[in-house]
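First comes the structure, then the notes that go with it.
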């Protein structure tokens, strides 16, 4: 009986071993399959990441290229305006001339030419056109005696160039386009004045509005104006007065 059972036990052991071997092979195969799948997934995500990096590099290159060759693009900004009597030596004159500090900014890579500038002042239903004369040196304006040098304020406006990615700061003197048309004079009164700055560049044949803001004139500003004091009106409504008189 024992002799018969021994071969059977041996057979069982062999079957068990074979089954274990089969399980091991199956597990090993499953592990290999998973490793291959993970490797393929890893390769896939590496490929996706590489593609994203390549696209980003292309976008950056195109952006840089466009920026390097971008056309002239003008932005201008002003914080406010200086107001003065149109007739510098006439104590009773309340017609207004404007000196406006302006920042000219070229955000493009190519240079551009500012050919002319105009100013449109609106108060209520009345709009008056002002033309630009020569650029004014603020340090010269601070000298009391310079106000009688009227020739200085009658020079025609001359265009200027702004190179790419650059800016210029200028204070421009604006006076009425037609001084003979008294009915179009803008006389100093309390209230809000809207200022529109129009610019003509080499790119366009017409004037284009580039800046717009409002200044507020109150009685204190008018009193200082009549005393020939320098008055600066900020676009936020604040007013600054000089300590000196502009007429001799």
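In our numbering, the protein residues as written are 193 to 440. Ideal Cβ positions, reconstructed from N, Cα and C, are used throughout, including at glycine. The structure presented is a predicted model; accordingly, all values stated were derived computationally and were not measured.
With fewer than 16 other Cβ atoms from the protein chains shown falling within 10 Å of its own Cβ, residue 243 counts as exposed. Taking 8 Å as the cut-off, the Cβ atoms of residue 425 and residue 365 do not count as close.
Distances from the CA of residue 368 to each of 290, 401, 239, 254 were compared; the closest alpha carbon is that of 290.
Buried is the label assigned to residue 413, since at least 16 other Cβ atoms lie within 10 Å of its Cβ.
Three or more Cβ pairs drawn from the region 386 to 400 and the region 306 to 315 lie within less than 8 Å of each other, which places the two stretches in contact. Sequence-distant Cβ neighbours of residue 302 in its own chain, meaning closer than 8 Å and more than five residues away, are 261, 262, 263, 264, 356. When secondary structure is reduced to three states using DSSP, residue 392 falls in the strand class.
C-alpha of residue 423 to C-alpha of residue 274: approximately 6 Å in a straight line. Residue 305 is positioned such that its CB atom lies closer than 8 Å to that of residue 393. DSSP, read as helix, strand or coil, puts residue 308 in strand. In the displayed model, residue 324 falls within a strand according to three-state DSSP. Look at residue 416 here: in three-state DSSP terms it is helix. Between residue 405 and residue 270, the beta carbon gap of about 7 Å places them in contact (Cβ cut-off 8 Å). Taking the Cβ atoms as the reference, residue 416 lies roughly 13 Å from residue 382, outside the contact range of under 8 Å. With fewer than 16 other Cβ atoms from the protein chains shown falling within 10 Å of its own Cβ, residue 419 counts as exposed.
Around the CB of residue 277, 16 or more other CB atoms lie within 10 Å, so the residue is classed as buried. CA-to-CA, the gap between residue 308 and residue 350 works out to about 7 Å.
The C-alpha of residue 299 is placed about 14 Å away from the C-alpha of residue 353. At least 8 Å separates the beta-carbon of residue 268 from that of residue 408. Shown here for residue 358: same chain residues with a beta carbon closer than 6 Å to its own, the five before and five after excluded, namely 298 in chain order. Residue 349 sits in coil when the DSSP states are folded into three classes, being neither helix nor strand.
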